[in-house]
Every structure is written in structure tokens, then in C-alpha cells.
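What follows is a single structure, written as C-alpha cells, with notes after it.
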Amino acid sequence: MRHLVLSDIHGNWPALEAVLQAAPPFDRVLFLGDAVGYYPDGDRVLGWLREVGAECVLGNHDAWLLALDRLPVEGVVLEILEWQRGRLSPENLAFLASWPWQREVEGALLVHGSPCDPWEYLDDLAPARQAFRCSEARLAFHGHTHLAGAFLELQGPRPWVRYQAFPEGGELVLPPSVRALVNPGSVGQPRDGVPGAAFALWEGDRIAFYRVAYDLGRVAARLAEEGFPPWLYTRLTLGQ
């Protein structure tokens, strides 16, 4: 089965549209969290995920939206989530509230942050080593850092862990002796210095990473239409 692996869409519908236009044929959608936050079209993103029967896990922005009365954030992030919460359909809000923190699909673990902690950032070798100890899965998919890449653990008497980045796409083939923590990158707001929507395709032992350019002017127009801060557009132009 061929899986389209997405993460961190953050309400950026033009980016998701670009992914769907560029993606090879797929059988199932796996979503690693953060459908909402930052950009205006969270309800539309959730509606699409619900319609295609995506296998989803909860991200931190998703959880914050569901618990606005006890949010650990403030300022623009809070304002955007409050705005989005008021515009979610009852069906999409219930769908979001049904997501677990983690789930397994065909032997692969899906989490937002880390197998150890759903909000932990896997951005260095030390937390990656700990993450491998927190899960027995040979393959785990995660998001949260908005960085496309994979931590790889070679199993044996003296296991080692290394990191491979895929900011501009590429392919990873897993040998039998290797475990992996794979991040497809962010659809809606990449942070690895490369503009464009990131996603991955998983089939068997192969994970293909993709980066697709799209019309950022459409995002700028939506931000202006809804009165969102312009720095959200600037981040997209910089890939940060």
C-alpha cells in the first residue's frame, strides 16, 4: 500500500492543494498533526482530512485549539486559534477531538513530536536516541520540527544513530538492520530554508521525500483578506 505522509499543514490550503496536484497516486493518507494554527483555512484542511479518511494524530496546535481555556500560549498564536475555533464546523471539530496522540498503521508508529513525548522536538541526536528507546517500532513517522529528514539507527551490539536531511527531496531505502524516525517536513510552513510544501510517500521499505513550489501570493491574499499578520507570508518566502 502506498501512503501519502503529511504533517504540519497549519491551515495553509494552497500548500495542501499543491501537494495533492504533485503527489503520485496513493492509497491512504497519514497525517502527523497540526492541521490548524498560523494560516486561515484550518476548517477546510480538516474537512479534507475527514473526507479522505486520513489516519491522524494530534499535534500541539490541534490540542491547544481544543483547550483554549487553558492554553500555555498567548499573543498571535492564541488569537489565531481563537479565530479558527469559531470557524470550525461541528463535524470538523468533533473529528479533530477524536484524534489520538499516537497510533500504529501497518507496523509504523505515527506521532507528532516523539514516541517519548507528543510535544518533544526531535531536532538533535540525543533526543533521537531516547526516542528509539521509547518505541519498539522499526519505523516511526513524526512532525513538529517542520524539517524533512530521518534519524537512522543501525541495530547491533553497539547501535549508532545518525541524521539525514531531505530539504529538497530524495529517497530513503531502509535496510533490514536499520530503524528510522522519519519526518516528511511541513506542508504549510517549512523551516529548513527551502520554500515550498513538503511531503513524503511511504511504500514498504521506501520513503520518498518531495518539495513542491506553489503560488505564495494566494496565501498572502488570504492573510490580507482575514487580517492575519504579514510575517506569516514572509516566513513562507524564506522557508523559515
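The opening position of the sequence shown corresponds to residue 224 in our numbering, with each subsequent residue numbered one higher.
For glycine and all other residues, C-beta sits at the position ideal for the given N, C-alpha and C.
Residue i to residue j, Cα distance in whole Å?
i: Glu314; j: Gly379; result: 48 Å
i: Glu327; j: Leu333; result: 6 Å
i: Val405; j: Asp285; result: 21 Å
i: Arg352; j: Leu395; result: 19 Å
i: Ala238; j: Cys357; result: 33 Å
i: Trp271; j: Arg381; result: 45 Å
i: Glu364; j: Arg273; result: Checking the displayed sequence, the identity of residue 364 turns out to be Phe instead of Glu. Distance between the alpha carbons of Phe364 and Arg273 is about 20 Å.
i: Glu426; j: Val417; result: 25 Å
i: Asp346; j: Gly440; result: 30 Å
i: Ala290; j: Val242; result: 30 Å
i: Leu362; j: Pro248; result: 22 Å
i: Gly234; j: Glu329; result: 28 Å
i: Trp454; j: Leu301; result: 16 Å
i: Tyr433; j: Gly309; result: 33 Å
Helix, strand or coil for residue i? Go by DSSP, reduced to three states.
i: Arg441; result: helix
i: Arg402; result: strand
i: Glu240; result: helix
i: Leu269; result: helix
i: His468; result: Limits of the chain in this structure are 224 at one end and 463 at the other, which puts residue 468 out of reach.
i: Arg458; result: helix
i: Glu394; result: strand
i: Leu229; result: strand
i: Ala277; result: coil
i: Ala371; result: coil
i: Leu446; result: helix
i: Leu255; result: coil
i: Ala464; result: The chain is shown from 224 up to 463; residue 464 falls before or after that span and cannot be answered.
From the DSSP output, which residues share a beta bridge with residue i?
i: Trp383; result: Leu377
i: Phe422; result: Tyr433
i: Ala388; result: Gly372
Suppose contacts are defined by Cβ-Cβ distances below 8 Å. Is residue i in contact with residue j by that definition?
i: Ala331; j: Leu375; result: no
i: Ala371; j: Pro407; result: yes
i: Gly282; j: Asp257; result: yes
i: His367; j: Gly411; result: no
i: Leu311; j: Gly265; result: yes
i: Glu359; j: Pro350; result: no
i: Ala423; j: Ala436; result: no
i: Glu278; j: Leu304; result: no
i: Pro263; j: Leu446; result: yes
i: Arg414; j: Gln463; result: yes
i: Leu461; j: Val442; result: no
i: Val268; j: Trp306; result: no
i: Leu348; j: Val384; result: yes
i: Val299; j: Pro452; result: yes
i: Ser321; j: His369; result: no
Runs of beta strand (DSSP E) lying entirely within the stretch 295-328, each at least 3 residues, in chain order: The stretch 295-328 contains these whole beta strand (DSSP E) runs: 325-328.
Segments assigned beta strand (DSSP E), at least 3 residues, entirely inside the stretch 321-366: Listed in chain order, they are 325-328, 331-334 and 362-364.
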